[in-house]
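Number of protein chains: 2
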Amino acid sequence: MKSNTKFLLDENELPHTWYNINPDMPVSPGPVLHPATKEPVTPEFLAGLFPMRFVEQAVSQEAEVEIPDAVREIYKLWRPTPLFRARRLEKVLDTPAHIYYKYEGVSPVGSHKPNTAVPQAYYASQEGVRGFTTETGAGQWGTALAMACQMFDLECEVYMVNVSYQQKPYRRIMMETYGASITPSPSSHTAFGRSLLEQDPDGPGSLGIAISEAVERAAASNGELKYSLGSVLGPVLMHQTIIGEEALKQFDRADEYPDVVIGCVGGGSNFAGLAFPFIRENLKNGNRTRVVAVEPTACPTLTKGTYTYDYGDTAQMAPIVKMHTLGHGFIPQGIHAGGLRYHGMAPHISALYDAGQIEAVAVGQLETFEAAVTFTRSEGILPAPESAHAIRAALDEALRCKQAGSEEVIVFNLSGHGHFDLSAYDAYLKGELVNYSYPEAEIKSAMASLPEVRA
Amino acid sequence: MKSNTKFLLDENELPHTWYNINPDMPVSPGPVLHPATKEPVTPEFLAGLFPMRFVEQAVSQEAEVEIPDAVREIYKLWRPTPLFRARRLEKVLDTPAHIYYKYEGVSPVGSHKPNTAVPQAYYASQEGVRGFTTETGAGQWGTALAMACQMFDLECEVYMVNVSYQQKPYRRIMMETYGASITPSPSSHTAFGRSLLEQDPDGPGSLGIAISEAVERAAASNGELKYSLGSVLGPVLMHQTIIGEEALKQFDRADEYPDVVIGCVGGGSNFAGLAFPFIRENLKNGNRTRVVAVEPTACPTLTKGTYTYDYGDTAQMAPIVKMHTLGHGFIPQGIHAGGLRYHGMAPHISALYDAGQIEAVAVGQLETFEAAVTFTRSEGILPAPESAHAIRAALDEALRCKQAGSEEVIVFNLSGHGHFDLSAYDAYLKGELVNYSYPEAEIKSAMASLPEVRA
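Residue numbers (our numbering), protein chains in the order written: chain Z, 1 to 455; chain H, 1 to 455.
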């Protein structure tokens, strides 16, 4: 077993429950506020946007939430995912550390995103909804939801950030092949989109704008369309914990336990998916695993943002939550890790970071791609630029272990492959990539328009 | 177990041997002839091009050839690959047939090609070779060899068909990320390439031309560089039989046995990989599984070609073999399944087809993409255009079973995913794809320049 580099689980070992961290939170993530009244939202308000079962999960205090059989059947198309011991990488780094990675790129769309897209689509179909609206940046999330909607006979209406729609046609085509309809955002489908197009018919768009459009469409549909979000919200994070629950079983099999757990953070879902079950072990069983969130220096939400109430979207239509934020008007520089360009952070992660349960580190684009190429050449898998942030931090931990002669166990979430991101690798290999520094002035101006909240 | 849709094997069930069909061939595939003398080649001639162990395997009469431990360790990064029961697809087709597929797209490069790239690189490294030269069309093969060379510290020099180099930068970038050097073909690196550039500096190139350049480079290197081929040759087909050997174990687990085995054919390696172990069962144990090779109507090597001696490449530098061929000068129309655009066919497959052990069918581009989209929307996985040819044939068999009310077991090789082929899907969804008919006149003219061989 010791010479083995891959730890698999049988399908009958696929977890039957997700982990809901709500009852174990050492501090409250704060109430969700209505964007107009700024009062705590009612379940009825949320049920206008999301499937009812999703809303119930947001407030559930059950630690173990059962995964429906129909969802487990689809999970089994690619789950349980492998946990790898990266022996080749360890050798290249000449480190005594044991490096592991959980590989979510084996899903049909190449990322962890279907872990939540599938249950969301299942709940919507059970409640008689006609379809979902959603936003997507680079396209990872939209592709996952398009696949899940197809599997449950739901329509899927995707608002894709205009600059990505123009520059990254492959993800758009993949969503269309799954049967989804894709609209570049800002669009003429919504009042908010039309107001922006009037100012600038060729605007590049942003994730915050696309969220606003998707929310407006769902809100105006008389309940026929619901809105689906791929990160940030509690139930989304919970659906992703299948990753960490599997990893715990796999570490049992490897007869090791991690000293450091690492994930990249944009909205926070792949990070939470791996990390929350290990945080539970820290909180309940006194384990002392370090849990590290990695973000880009170009969008340093945890390391440089403010922990306060802010809107989830640009148009101030999505609920207000307490989170680490750079301001809902902040548009980060054009790094290639499109999935990490969100102004805020999941409220649960923000609260845990504030409470000292999570560490955070920001890494630059150049050193991230350097780590990605090192990983590709040793382990064979070419990572998504988002996931490469986690690799960078894992390499830094492993090099620290080398200095210290310390045989620590490190695990990171390899949340997706980079087969759709090769132009970024091309730019790196040609020496055309640049590092972005902390955009202090822009953040200051974006932070000037926070909502006034009594809490 | 019956409700399960995925049949997995443990790593310790990974086969320890490849299946060498040589001793079981009911008819001889014919001798390999020297391109200049047209006499049977000596092992010394072949050893100038290929690693010695590879040459030994070409003439071996052992039915079971051991897979080296170092190769099995790398196989384990993605193998054993899953065998799926396509229950969603069955439901969409409303067929009583049981449809299975073996999915090779889980490899780091997204196809079956590393199954032979890894052992070839291992043998070369054991023999002190500095590196490999090779050709690639759309890039699937080059990517696999680039990864394998990186794992065994070999240089990798890839001649990429110029039109693909220009139009499909993603595969090129992926090879470069693995550390390979990529040259558009025809190139100035070879005498043959220079002769072509003089006639047409912007020529699109072809697979046959790229083979010629890679062979010339290896031949001129005084043994420092060897040439690697990703299909056609006996040892390549043998390395791929790990697919069929796994599938046999998985059908045991599923408590079923296929009535029809289907694979797409270009040079023939993914087809042989799945099919040869089932042909062994037909030959040795009297099983009556139908074995079907699927090719594009634009390059109908088996269904319309002639079974005769022809050069493996355009420049007449590669050995002459007996095969179904459209003529070594034939350049097929621009279908999107780049991996199926080869003028010839593996000699073993040609001989078995001639002997009636294999059926062949040609399918058009439009109905192939129609099948691919049906598959994507039911099973979630977006297939490579090459693999989609096998899907088309599997769908036709399943629809025949529906008409006949016949509960047959069908399996096909899903040799790769289509994440690098989305522009082809875009063209299909927009209605811009066309069907190519059998290019009779071109084939006639290409067949005029066959080598004169005494045999």
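Even for Gly, the Cβ is constructed at its ideal location relative to N, Cα and C.
Neighbourhood of residue i by C-beta distance below 6 Å, restricted to the same chain and skipping five residues each side
i, result
"M447 (chain H)", "G327"
"M1 (chain H)", "For M1 (chain H), the predicted structure reports a pLDDT of 37, less than 50, and the residue's modelled location is therefore unreliable. A value from the coordinates is still provided. Excluding sequence neighbours, M1 (chain H) sits near nothing in its chain."
"N435 (chain Z)", "G364, Q365 and L366"
"V215 (chain Z)", "Y227, M317 and A318"
"R392 (chain H)", "V363, E367, T368 and A371"
CB of residue i within 8 Å of CB of residue j, strictly
i, j, result
"P458 (chain H)", "V41 (chain H)", "In the structure displayed, chain H extends from 1 to 455; residue 458 (chain H) sits before or after that span and is not available."
"T374 (chain H)", "L382 (chain H)", "no"
"A144 (chain Z)", "A117 (chain Z)", "yes"
"A272 (chain Z)", "A346 (chain Z)", "yes"
"S212 (chain H)", "A315 (chain H)", "yes"
"P186 (chain H)", "G193 (chain H)", "yes"
"P26 (chain Z)", "A275 (chain Z)", "no"
"T278 (chain Z)", "V294 (chain Z)", "In the sequence on display, residue 278 (chain Z) carries Phe and not Thr. No, they are not a contact pair."
"M151 (chain H)", "I74 (chain H)", "yes"
"T11 (chain Z)", "L8 (chain H)", "It should be pointed out that residue 11 (chain Z) corresponds to Glu in this sequence rather than to Thr. In contact: E11 (chain Z) and L8 (chain H) (Cβ atoms closer than 8 Å)."
"F420 (chain H)", "Y170 (chain H)", "yes"
"Q333 (chain Z)", "P439 (chain Z)", "yes"
"G266 (chain Z)", "Y342 (chain Z)", "yes"
"G128 (chain Z)", "C149 (chain Z)", "no"
"V109 (chain Z)", "M147 (chain Z)", "yes"
Backbone CA spacing between residue i and residue j [nearest angstrom]
i, j, result
"N222 (chain Z)", "G305 (chain Z)", "37 Å"
"G179 (chain H)", "G139 (chain H)", "15 Å"
"S269 (chain Z)", "I410 (chain Z)", "20 Å"
"H77 (chain H)", "P296 (chain H)", "The residue you asked about is not His; residue 77 (chain H) is Leu in the sequence shown. Distance between the alpha carbons of L77 (chain H) and P296 (chain H): 32 Å."
"L93 (chain Z)", "R87 (chain Z)", "10 Å"
"A97 (chain H)", "R290 (chain H)", "15 Å"
"Q126 (chain H)", "Q120 (chain H)", "10 Å"
"E432 (chain Z)", "L352 (chain Z)", "37 Å"
"T81 (chain H)", "Y103 (chain Z)", "15 Å"
"A219 (chain Z)", "T308 (chain Z)", "26 Å"
"R79 (chain Z)", "P31 (chain H)", "47 Å"
"P43 (chain Z)", "R280 (chain Z)", "27 Å"
"H45 (chain H)", "D69 (chain H)", "The amino acid occupying residue 45 (chain H) in the given sequence is Phe; His does not appear at that position. When rounded, the distance between both Cα atoms is 29 Å."
"S231 (chain Z)", "S28 (chain Z)", "19 Å"
"S445 (chain Z)", "S350 (chain Z)", "22 Å"
"A360 (chain Z)", "R288 (chain Z)", "16 Å"
Candidates the options, of which the one nearest residue i by Cα
i, options, result
"A427 (chain Z)", "H:G105, H:T177, H:Y165 and H:A355", "H:T177"
"A394 (chain Z)", "Z:P29, Z:G405, Z:G380 and Z:A372", "Z:A372"
"H417 (chain H)", "Z:G105, Z:P300, Z:A219 and Z:A214", "Z:G105"
"V65 (chain Z)", "Z:A36, Z:T241, Z:Y122 and Z:R253", "Z:T241"
"Y165 (chain Z)", "Z:E370, Z:G142 and Z:F45", "Z:G142"
"S378 (chain Z)", "H:A441, H:D153 and H:R53", "H:D153"
"K113 (chain H)", "H:A210, H:E90, H:I243 and H:H419", "H:I243"
"P235 (chain Z)", "Z:Y438, Z:W18, Z:E11 and Z:N413", "Z:W18"
"K63 (chain H)", "H:G137, H:A404 and H:M238", "The amino acid occupying residue 63 (chain H) in the given sequence is Ala; Lys does not appear at that position. Among H:G137, H:A404 and H:M238, the Cα nearest to that of A63 (chain H) belongs to H:M238."
"F340 (chain Z)", "Z:G286, Z:P35, Z:G208 and Z:P258", "A quick correction: the sequence has Leu, not Phe, at residue 340 (chain Z). Nearest C-alpha to L340 (chain Z): Z:G208."
"D313 (chain Z)", "Z:T136, Z:V109 and Z:K6", "Z:T136"
Exposure of residue i, with buried meaning 16 or more beta-carbon neighbours within 10 Å
i, result
"P23 (chain Z)", "exposed"
"P51 (chain H)", "buried"
"N162 (chain H)", "buried"
"H16 (chain Z)", "exposed"
"S195 (chain H)", "exposed"
"P385 (chain H)", "buried"
"T183 (chain H)", "buried"
"R85 (chain Z)", "buried"
"A441 (chain Z)", "exposed"
"R454 (chain Z)", "exposed"
"G205 (chain Z)", "buried"
"V90 (chain Z)", "Sequence check: residue 90 (chain Z) is Glu here, not Val. By the 10 Å Cβ count, E90 (chain Z) comes out buried."
"K284 (chain H)", "exposed"
Own chain residues within Cβ distance below 8 Å of residue i, not counting five before or after
i, result
"R72 (chain Z)", "L14 and H16"
"S60 (chain Z)", "N20 and N22"
"I67 (chain H)", "P15, H16, T17, W18, Y75, P119 and I242"
"R172 (chain H)", "G139, M160, Y165 and I182"
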